[in-house]
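Engineer: Below is the structure I would like to discuss, written out as structure tokens.
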Amino acid sequence: DTGVSQDPRHKITKRGQNVTFRCDPISEHNRLYWYRQTLGQGPEFLTYFQNEAQLEKSRLLSDRFSAERPKGSFSTLEIQRTEQGDSAMYLCASSGGGTVYNEQFFGPGTRLTVL
Amino acid sequence: AQRVTQPEKLLSVFKGAPVELKCNYSYSGSPELFWYVQYSRQRLQLLLRHISRESIKGFTADLNKGETSFHLKKPFAQEEDSAMYYCALWSRSNDYKLSFGAGTTVTVRA
């Protein structure tokens, strides 16, 4: 499968624990995006990278959230001290660069449940 | 601020009947509009974009800048069209991110 992959697919954790998700984009894509989707809503933008540089962070991304893309390839999203409100589907997408729209290809998502 | 509104959460139609999913947007610039679809147990995927003016799987969507709408239409719905549909907006001046509506669940009944 040469599409965007995410790991794990499901994560159940207790409130207060830290969790980390991984996203592997399509190999030639230099842009990588994180979105969060809660029940009954469309995906909401969290942050995005161009190569290894994190260029934009949404106000949704509190200080407990951090994302990295150290070598411009895979990315990790860490949530510290999880809260029940963090329960959601976390989606990763990747695209080519440039100033025109390049289709964002989505991964299958990581479903987080905070107990 | 940009916003995408899909007023219908659920839409149920019979096979062979026309289906129309509504999408309205607010954005001050010149956005690009898209429809994304998510079939059961599959990932989110692009269905069509306004700039290409294509018909994909029998679906069409026309961007109406006067009414700020981008409604998705299909004259004869098929059972395989049952899915979740999201309208999305993109602009390079908005950091290349997609802004999605809340989605419409379409069920096509036999």
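In order, the protein sequences belong to chains B and C.
Using this note's numbering, read the first sequence as starting at 1 and increasing by one per residue.
Using this note's numbering, read the second sequence as starting at 1 and increasing by one per residue.
Virtual Cβ for every residue (Gly too), placed ideally from N, Cα, C.
1. Who are the near neighbours of Gly-29/C in its chain, counting only those whose CB is closer than 7 Å to its CB and skipping five residues on each side?
2. Just the C-alpha distance for Ile-12/B and Glu-78/B, rounded to the nearest angstrom, thanks.
3. Any contact of the stretch 60–79 of chain B with the stretch 21–36 of chain B, i.e. 3+ C-beta pairs under 8 Å?
4. Could you check the C-alpha separation between Gly-66/C and Gly-16/B for me, to the nearest Å?
5. List the endpoints of the continuous beta strand (DSSP E) containing Lys-73/C.
6. Are the CB atoms of Tyr-85/C and Val-108/C within a distance shorter than 9 Å?
7. Could you pull out every residue in the same chain whose Cβ sits closer than 7 Å to the Cβ of Ser-12/C, ignoring the five residues on either side in sequence?
8. Rounded to whole angstroms, what's the CA-CA distance from Gly-58/C to Lys-74/C? Just pull it up for me.
9. Compute the Euclidean distance between the alpha carbons of Thr-20/B and Asp-81/C, then round it to the nearest angstrom.
10. Is DSSP giving Asp-86/B helix, strand or coil here?
11. Measuring straight from C-alpha to C-alpha, what distance separates Phe-74/B and Ser-58/B?
12. Cβ of Val-19/B less than 9 Å from any chain C Cβ?
13. Got a sec, what are the start and stop residues for the beta strand (DSSP E) Cys-87/C sits in?
14. Between Glu-79/C and chain B, is the shortest Cβ-Cβ distance under 9 Å, so that the two count as touching?
15. Can the beta-carbon of Phe-106/B be found closer than 9 Å to that of Arg-43/C?
16. Beta-carbon of Val-4/B versus every beta-carbon of chain C: anything under 9 Å?
Structural biologist: Taking the coordinates as given:
1. The residues are Ser-91 and Ser-93.
2. Taking the straight line from one Cα to the other gives about 14 Å.
3. Because the criterion of three Cβ pairs below 8 Å is met, the stretch 60–79 of chain B and the stretch 21–36 of chain B touch.
4. Going from the Cα of Gly-66/C to the Cα of Gly-16/B covers about 49 Å.
5. Here the beta strand (DSSP E) through Lys-73/C covers 69–74.
6. no
7. Thr-107 and Arg-109
8. 6 Å
9. 35 Å
10. helix
11. Each residue's alpha carbon lies about 20 Å from the other.
12. No, its Cβ sits nowhere closer than 9 Å to a Cβ of chain C.
13. 83–90
14. no
15. Yes, the pair counts as a contact, with Cβ atoms nearer than the cut-off.
16. yes
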